[in-house]
Amino acid sequence: MTENDKREKIIAAAYQVLAEKGYDQASTKEIARAAGVAQGLINYYFPSKDLLFAEVIRAESERYCESLSFLQSKGREKLSEESLKEALEVPKSRAVNDPSWIRLRYELFALGMRNPAVSESLKTTLAGKREHLTRLIGEIAHLPEEQARPLASILHVVFDGLGFQKLSDPAFDYEGAYDTLAAMLDSYLKTLHKS
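Our numbering puts the sequence shown at residues 44 to 238.
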């Protein structure tokens with residue numbers, strides 16, 4: 044097993060343990076057991092639990108961005124409210140199919156606010172996700188970067204916020220919120236393309 048394989052195995056195990064237990068209850072001993080490695084190996088790759096946690100979020104964010112790549116084919120279609128709803132299914136499904144992801148993201152946000160070492164990693168991860176969304180929006184909506192970039196920033200926050208509300212309040216109208224978001228995007232993009 045290569046060094047990179049060991050590192051990836053630790054990150055995958057950490058995700059499982061963190062998703063199940065949350066940051067405060069997860070221990071590196073338990074992560075080592077789940078990864079099938081010595082606890083010292085975790086400390087070798089990640090000097091602190093905080094940095095391991097930040098790496099888990101970075102890796103998951105990268106995988107999430109890769110899961111959106113199918114949307115590039117949407118750029119060849121004429122955008123409509125229906126095609127926007129279809130495109131929004133990916134971020135919408137995260138809170139439904141993988142609620143632990145949303146919980147972990149909010150734990151990282153809180154950790155990043157109080158730990159300078161994690162803050163830098165968080166900033167880099169968020170910037171990478173915004174960049175990815177900027178490119179996708181540019182391709183799908185045929186927008187120049189100066190219009191796609193602020194829209195990507197807004198959507199990034201909306202996706203996180205709607206997921207948080209879904210997890211926090213079972214009665215929250217998650218479907219209705221995403222339907223409204225699709226209608227708002229459709230209207231906004233039509234306005235941009237007229238000018």
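All C-beta atoms, glycine included, are put in the ideal place defined by N, C-alpha and C.
Residue 133 is positioned such that its CB atom lies closer than 8 Å to that of residue 110. Contact annotation: residue 168 and residue 100 have beta-carbon atoms nearer than 8 Å.
Burial is judged here by how many other beta carbons sit within 10 angstroms of a residue's own beta carbon; residue 72 has fewer than 16 and is exposed. With respect to the C-alpha of residue 131, the residue from 235, 219 and 233 having the closest C-alpha is 219.
If you compare the alpha carbons of 144, 97, 87 and 83 with that of residue 206, the shortest gap goes to 144. Looking at the backbone, the Cα of residue 81 and that of residue 154 are separated by about 26 Å.
The straight-line gap separating the alpha-carbon atoms of residue 197 and residue 184 is approximately 15 Å. Judged by DSSP in its simplified three-state form, residue 159 adopts helix. Residue 216 and residue 84 have their C-alpha atoms spaced approximately 45 Å apart. Closest in alpha carbon position to residue 77, among 67, 49 and 103, is 49.
Residue state for residue 229 is assigned as helix, using DSSP reduced to three classes. The beta-carbon separation of residue 210 and residue 142, rounded to 5 Å, stays under the 8 Å limit for a contact. A residue is called buried when at least 16 other Cβ atoms come within 10 angstroms of its Cβ; residue 234 does not meet this threshold and is exposed. Sequence-distant Cβ neighbours of residue 125 in its own chain, meaning closer than 6 Å and more than five residues away, do not exist here. In summary, residue 175 is buried, with 16 or more beta-carbon neighbours lying within 10 Å of its beta-carbon over all protein chains present.
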